Amino acid sequence: MPRKFIVGGNFKLNGSQASLKTLIENLNQVELDKNTEIVVSPPFVYLDQTRKTVRKDIAVAGQNCYHKSSGAYTGEVAAEMLKDLGIEWVILGHSERREIFKESDEEVGLKVAHALKAGLKVMACVGEKLEEREANKTTEVVFRQLSAIAKQ
């Protein structure tokens, strides 16, 4: 069986209940290619609303999760919490999380391992910054990032 293409839509820190309702109503009416898996990733506060209203052949992803199941980690979300909501996917290692929140390759590796152990499907993001690309370091950077994931 051939591998399906995956198309993901990450809403990032955008939207409202009303705008999300409109977007999902429109998405629910679109004819989708059966050989393509569609995954939408709204902000955390809209995950449950999205899961309950989007049609069943469209998956929902969290935009992040922590590498611990519980504890005193204010503001974090556990992979198990996503599973408890019926969420199938999580995005980890996004360039914005690496840059703005200073997530290291090792941290991303821990998160990926924990999410997979919890039963989530993972979109592990890897890639170089512009200056790394211009310095011809793309392969080196991606290898380092993937190695940190594989170590776990």
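Positions in the sequence shown are counted from 1; adding 631 to them yields the working numbering. Cβ atoms here follow ideal geometry from the backbone N, Cα and C, with glycine treated the same way. In this text the structure is predicted, and so the values were computed from the model without any measurement.
Under the three-state DSSP convention, the category residue i falls into
i: Phe-642; result: coil
i: Lys-742; result: helix
i: Ala-710; result: helix
i: Leu-723; result: strand
i: Ile-731; result: helix
i: Ile-718; result: coil
Beta carbon of residue i nearer than 8 Å to that of residue j
i: Gly-724; j: Ala-755; result: yes
i: Asn-641; j: Ile-718; result: no
i: Leu-614; j: Lys-714; result: The requested residue 614 is not part of the displayed model; the chain covers only 632 to 783.
i: Tyr-697; j: Glu-707; result: yes
i: Arg-728; j: Asn-767; result: no
Residues near residue i in its chain [Cβ-Cβ closer than 6 Å; skip 5 each side]
i: Val-670; result: Gly-639, Ala-690, Ala-692 and Trp-720
i: Lys-665; result: none
Same chain, Cβ closer than 8 Å to residue i, neighbours up to 5 away in sequence not counted
i: Gln-783; result: Gly-740, Leu-741, Val-743 and Ala-744
i: Leu-716; result: Leu-678, Asp-679 and Arg-682
i: Asn-645; result: Pro-674
Close Cβ partners of residue i (< 7 Å) along its chain, the five nearest in sequence each way excluded
i: Ala-779; result: Asp-736, Glu-737, Val-739 and Gly-740
i: Thr-769; result: Glu-759 and Glu-763
i: Leu-777; result: Val-757
i: Leu-651; result: Pro-673, Tyr-677, Gln-680 and Thr-681
Could you give the uninterrupted runs of the alpha helix (DSSP H) lying entirely in the stretch 644–703, keeping only those of 4 residues or more? Scanning the stretch 644–703 from its first residue to its last, the whole alpha helix (DSSP H) runs of 4-plus residues come out as 648–660 and 678–684.
For the stretch 675–687 against the stretch 653–667, are there 3 or more C-beta pairs whose distance is under 8 Å? Touching, yes.
Report the residue ranges of all alpha helix (DSSP H) runs contained in full by the stretch 744–773; include only those spanning at least 4 residues, in chain order. You should have 761–765.
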